[in-house]
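Below is one structure, written out as structure tokens, with a few remarks after it.
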Amino acid sequence: MAARRLRRKSIRFRIMFWLAVFSWLPLMVMGTISVYQTREAVLAAELARVEGLADANAELIAAWMNARRDEIRYLAKLDAVVNLQTNDVNRLLMELSEHNHAYDTIYLIGPDGRGLAGVEFNRQSRTTRVLSRPEANSFQVADRDWFRRAVAGEHVISEVLISRATGNRGATIASPGFPDGAVVGGVRGAGLMGNNFPPVGG
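Residue 166 in numbering that gives the first Met the number 0 sits at position 167 of the sequence shown, and the numbers go up by one each step.
In structure tokens:
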């Protein structure tokens, strides 16, 4: 009798146990799915935010570079540049550099790739100095792709490069100067990357 009662209790316990398991199992599965879906939604939202920031930064950089291109292109058309009047060119380069501190260096370059005049911006002191003639002449870029393209008549914005003159990171913007259709040289500015535009968003 006692053994039969014990067996009945054991069967009842097992039935209750499995009922509890089958009752909780769907809840556990649903909870796991909910956590997974929430995590996926958070990751998707974060990815969309990062992609949005990247797009905004790309647009900001493109607008900044286009503004520098327009400045260099305008400078390359001036009489002092096309006539290679280095004293007047130095004054113009100084004015442009001091105007917005957007350039690491700016050079007037002859058709042989040698610097004829130039200015250099100091990021620490926020000042610009005119380079001496020997300093300007030491700037040799005949082997650079952007220079070859510029003297062929193209307005160039290069990829981000390390400046040979200063070691700073920037993009080269170059435009040819050509009176009467013949290229006599060009103007090259190294647009300073980094401090001139803060990243968009956080």
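For each residue, glycine too, the CB sits at the ideal point set by N, CA and C. All values reported here derive from a predicted model rather than from experimental measurement.
| Contacts around Thr-85, its chain only, beta-carbon distance under 6 angstroms, and the 5 residues preceding and following it disregarded | Leu-115 and Ala-116
| query | Among Leu-83, Ala-173 and Ala-141, which residue has its Cα nearest to the Cα of Val-183? | reply | Leu-83
| query | What's the gap between the Cα of Asp-156 and the Cα of Glu-39? | reply | For clarity, residue 156 is Ile in the given sequence; the question names Asp instead. Using only the alpha carbons, I get a separation of about 40 angstroms.
| request: Could you name the residues of the same chain whose beta carbon sits closer than 8 angstroms to that of Gln-139, not counting the 5 residues immediately before and after it, in chain order? | output: So the qualifying residues of the chain are Gly-112, Arg-113 and Gly-114.
| request: Could you pull out every residue in the same chain whose Cβ sits closer than 8 angstroms to the Cβ of Ser-131, ignoring the five residues on either side in sequence? | output: none
| According to DSSP, is Pro-175 helix, strand or coil? | Looking at Pro-175 - three-state DSSP - the assignment turns out to be strand.
| field | Where Phe-138 falls: helix, strand or coil (DSSP) | value | coil
| query | Of all the options Ala-151, Gly-188, Ala-135 and Ala-75, which has the alpha carbon lying nearest to the alpha carbon of Arg-168? | reply | Put simply, of Ala-151, Gly-188, Ala-135 and Ala-75 the residue whose alpha carbon is nearest the alpha carbon of Arg-168 is Gly-188.
| field | Counterpart residues of Asn-121 in DSSP-defined beta bridges | value | Thr-126
| Euclidean distance between Cα positions of Ala-101 and Ala-75 | Rounded to the nearest angstrom, the two C-alpha atoms are 17 angstroms apart.
| field | Those residues which DSSP pairs with Leu-191 across a bridge | value | Gly-169
| query | Rounded to the nearest angstrom, how far is the Cβ of Arg-67 from that of Gly-190, given a contact under 8 angstroms? | reply | 5 angstroms
| query | In or out: Ile-71 buried (at least 16 other Cβ within 10 Å) or exposed? | reply | buried
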